[in-house]
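Residue numbers (our numbering), protein chains in the order written: chain A, 5 to 510; chain B, 5 to 510.
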């Protein structure tokens, strides 16, 4: 009934003594490819090395086995050029060979050009120009991300000025966080994220964005993309998305099982008044504070229509508040979520305020979605990286986040003003009350592709409305999307010059 | 043909001037709920505050509107107790009210108990014992993670000793990384992860685990769970998983569209010799270095059978090398991936060497899978947090990671030795050659549930084989899974005492 577990060869008596085995070759003997190896014992500055020592009849003894193993490891590319090898003393202890044997092997391979002696670093793998032989072909598809050269002037929308990432503040916050957190914080944690961050986010979002937020209803995500992906997996079917909108987000929805239908927009924002004709939509994704890409703020009547639709249909509103903090002139527009917290999932992000590479986002969820989303998160990546969460919590709690947002707001506002003042003649900027990008309409007869081509000739990259429609059409309005938040602080004036020169020809 | 974009009310002339509007109430007049707000202007130490000021006929004027807005914000819970409010001077500028009006409103609400004056912090929201009224019900499901009290002695497998997280080394590595990386590193990046980390991982994995790794074939993931999830979404259907094995990973496979079939194991590891009878398996997940939970090392013949199956069927081997660095007595066993890099996805993690909360894992992929997996990653969370990646790259490049692994290995080996020496009579530990847990077989007549109950009575939590089978059965062998890596360094002796006392009754 209760069989004891069969004894594994691994657990032979004597192995629990704790001393490293002195026997280098495989216990199983023979020339078969037994995956034994050796490992250098620990020592300050020393490194681990896995070697495959095969010894058998006719194979020339242990020194030859060591030389073969080293040669194979280098030739196959497994040991990369520049890799450090263990000292001869350490490797001798581990393999059971004499130190003299190991040194001789190292010397032989150095003479052959596989290894090199580095003063202060011991023995390293030599830099080699010959391609490694005897290795399974590594040919594969092209790298996922293109290696295209960046444009000389970049006014494409979507990124903040990353040269202004607050490195010192982030480091300080990280140090304070790690200095004060309990050890258990380094263990597997709550899929919703660190409670420290959810508490300060609840306070911060309530205070600055008018969001009804409780820590229990917040889920921290590895960026906005993951939040959208989780919501679609949990709550959607058919998802209405603004047209024009960001194609990448449409693809995120599709890849996570959603079906995308276009929701038209106009000068008052998304046509939420039309939602009555979308009987099958399970969710609607909107950018109410600053429509992406037109820059329009969702009109109050459209907000009312949207929440009324959600209440009547039980559908979910997904609020993408990607740049809600960057409001310049008018009173800021509070989050739509505050009107109907049970029907709106509010999604925010540190991507535009700090930097996209942090992959830090947050969702404030209707109560009925907290458990399912947390579960989906658990089976997606367990939870978002905790050290980054704790650093952000510190930054917000110490008001460093507020300060950085305000400083950034001033800088981006100056850029916005500069853009507006430089645009003359038939070109006017729209969507300028907020955010990091503006929509510049084109006068009759001027086409987006022509402007883009002229811009490219000047080394300038910019966005167009054409990049954003769900479906192309000759009836769509034309316009440029100018990401004035993108360039570094020192690069912006020149980028603006290039834009003006581009438009000057129109 | 080329319609200009309809003008939005947002962009009324004069708004580009840059001065904050002095007009507090809604421009649209009337008592309708117009989502206007006010925001305190920037200033050192000051904070943003979103307020909903509604003024209309019969509503009592601006001061009353301000008091109402503040009262509502506090009562609804949107402004959390302890939140700082802007200074009266700042709020006056932003709302267009006189400073005296704002001060009077603050004083009134302080008298009413909503606000409090804090020396040095200005005005804050008072701590309140009364439940907020007038708010949408926040009742929802119980929090995703239980709030059960941790056991007094924790010998459950699955976590390393998190009290030994190398905080100083991690901070140093973070500082060095942020000090040397270009600004573009803070922007959206390659879904496969930072090239800095992929390069050092390729070198490290080649050197220490015998993995054939090139940076182009590595994808950095937000922990092992995400790696497994992405592989299942891309490459699998039917997934054979070791029995016994970790139930959580089985559920990860199912939640990502996979169908799990059990792969039996014995004293030589997974019964890969049976894979010929699994004609429909698209993938096999194995833990070859140290089977979870039995601790057995996958025998060479079983490794051969597994790679032969993969070559013959085109199926994918998923190698979970979760604790491969912790090998104590015998020569370390190289990764299985080295035998067939085109057929094995090698997955490693920093969870057991540094800490699970970092959510840092990596995959070395067959070339044909790199593009599809990177794409799936892109639409899952774009990429893993970059600062953590860069810190890990620094830690590995500076050999701090090697040092920490070696130091940890020594400490865990001492714990393993202590465990073995304390187990007497009919109890023997198996799977002890490596890793952070051991399997303790039970003598005839002793049942897992009885041991667990006795242990609980002494405040001791441990694992059992019963936790791990795909399906329960009276014919399964019985055994305890002792996670000797879990307790803090100071807690381990007492935990071991509790275990010995528990078993002493048997």
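Glycine residues also receive a C-beta, built at the ideal position from the N, C-alpha and C atoms.
Query, Result
"In terms of residue numbering, what span does the alpha helix (DSSP H) encompassing residue 313(A) cover?", "304–317"
"If we count Cβ pairs, one from each stretch, closer than 8 Å, do we get three or more for the segment 380–387 of chain B versus the segment 187–203 of chain B?", "yes"
"From this set, 128(B), 414(B), 455(B), 430(B), which residue's C-alpha is nearest residue 440(B)'s C-alpha?", "414(B)"
"With distances taken from CA atoms, which of 294(B), 261(B), 297(B), 275(B) is nearest residue 305(B)?", "275(B)"
"For residue 369(B), which of helix, strand or coil comes out of DSSP?", "coil"
"Residues of chain B with CB closer than 9 Å to the CB of residue 388(A), please, in chain order.", "226, 363, 385, 389"
"What residues from chain A crowd round residue 397(B), counting only those whose CB sits closer than 8 Å?", "Those do not exist, as residue 397(B) stays about 14 Å from chain A at its closest Cβ, beyond 8 Å."
"Using the Cα positions of residue 95(A) and residue 382(B), report the straight-line distance between them to the nearest angstrom.", "42 Å"
"Give every residue of the same chain whose Cβ lies closer than 6 Å to the Cβ of residue 346(B), excluding the five residues on either side of it in the sequence, and list them in chain order.", "370"
"Going along the segment 196–219 of chain A in order, which residues come within less than 7 Å of chain B, judged by CB to CB distance?", "196, 206, 207, 210, 211, 212, 213, 214, 216, 218"
"Residue 444(A) to residue 433(A), Cα distance in whole Å?", "5 Å"
"Within its chain, find whatever has a CB closer than 8 Å to the CB of residue 344(A); leave out the 5 residues flanking it on each side and keep chain order.", "311, 314, 315, 321"
"At 7 Å on the CB atoms, spell out the chain B contacts of residue 171(A), in chain order.", "182"
"Can you tell me where the alpha helix (DSSP H) with residue 181(A) in it begins and where it stops?", "171–184"
"Can you list, in chain order, the residues of the segment 151–165 of chain A whose Cβ is nearer than 7 Å to any Cβ on chain B?", "163"
"How would you call residue 341(B), buried or exposed, if buried means at least 16 neighbouring beta carbons within 10 angstroms?", "buried"
"Please list, in chain order, all residues of the same chain as residue 392(B) whose beta carbon is under 8 Å from its beta carbon, the five residues on each side excluded.", "362, 363, 364"
"Give the single residue among 349(A), 104(A), 500(A), 356(A) whose Cα lies nearest to the Cα of residue 167(A).", "356(A)"
"Just tell me which of 368(B), 466(B), 87(B) has its CA closest to the CA of residue 51(B).", "87(B)"
"Counting only Cβ-Cβ distances shorter than 8 Å, please list the residues of the segment 234–261 of chain B near chain A, keeping chain order.", "255, 256, 259, 260"
"Tell me the DSSP secondary structure of residue 105(B) in three-state form.", "helix"
"Using a Cβ-Cβ cut-off of 6 Å (strictly less than) and excluding sequence neighbours within five positions of residue 244(A), which residues of its own chain qualify?", "265, 267, 282, 285, 288"
"Anything in the segment 85–107 of chain B with a Cβ closer than 7 Å to a Cβ of chain A? List those residues in chain order, please.", "87"
"Restricting to Cα atoms, I'd like to know which of 416(B), 431(B), 447(B) is closest to residue 491(B).", "416(B)"
"Taking its Cβ as the centre, do 16 or more other Cβ atoms sit within 10 Å of residue 497(A), making it buried, or is it exposed?", "exposed"
"One question on the structure: do residue 297(A) and residue 467(A) come within less than 8 Å of each other, judged by their Cβ atoms?", "yes"
"Take the Cβ of residue 68(B) as the centre, count every other Cβ of all protein chains shown within 10 Å, and call the residue buried at 16 or more, exposed below.", "exposed"
"What is the C-beta distance between residue 324(B) and residue 228(B), in whole angstroms, given that I count them as a contact (C-beta under 8 Å)?", "7 Å"
"What first and last residue would you give for the alpha helix (DSSP H) that runs through residue 498(A)?", "496–508"
"Rounded to whole angstroms, how far is the Cβ of residue 486(A) from the Cβ of residue 503(A), which I believe are closer than 8 Å?", "7 Å"
"Tell me residue 245(A)'s beta-bridge partners as DSSP assigns them.", "266(A), 289(A)"
"What number of angstroms, rounded off, separates the C-alpha of residue 452(A) from the C-alpha of residue 471(A)?", "10 Å"
"Going by beta carbon distance, what residues of the same chain come within less than 6 Å of residue 209(B), once the five residues before and after it are set aside?", "215, 217"
"Quick one: list the residues of chain A neighbouring residue 191(B), beta-carbon separation under 8 Å, in chain order.", "163, 166, 359, 360, 361"
"For residue 212(A), which option in 479(A), 409(A), 248(A) has the closest C-alpha, if you only look at C-alpha atoms?", "409(A)"
"Quick one, which of 249(A), 291(A), 460(A), 406(A) has its alpha-carbon nearest residue 522(A)'s?", "Nothing about residue 522(A) can be read from this structure; chain A reaches only from 5 to 510."
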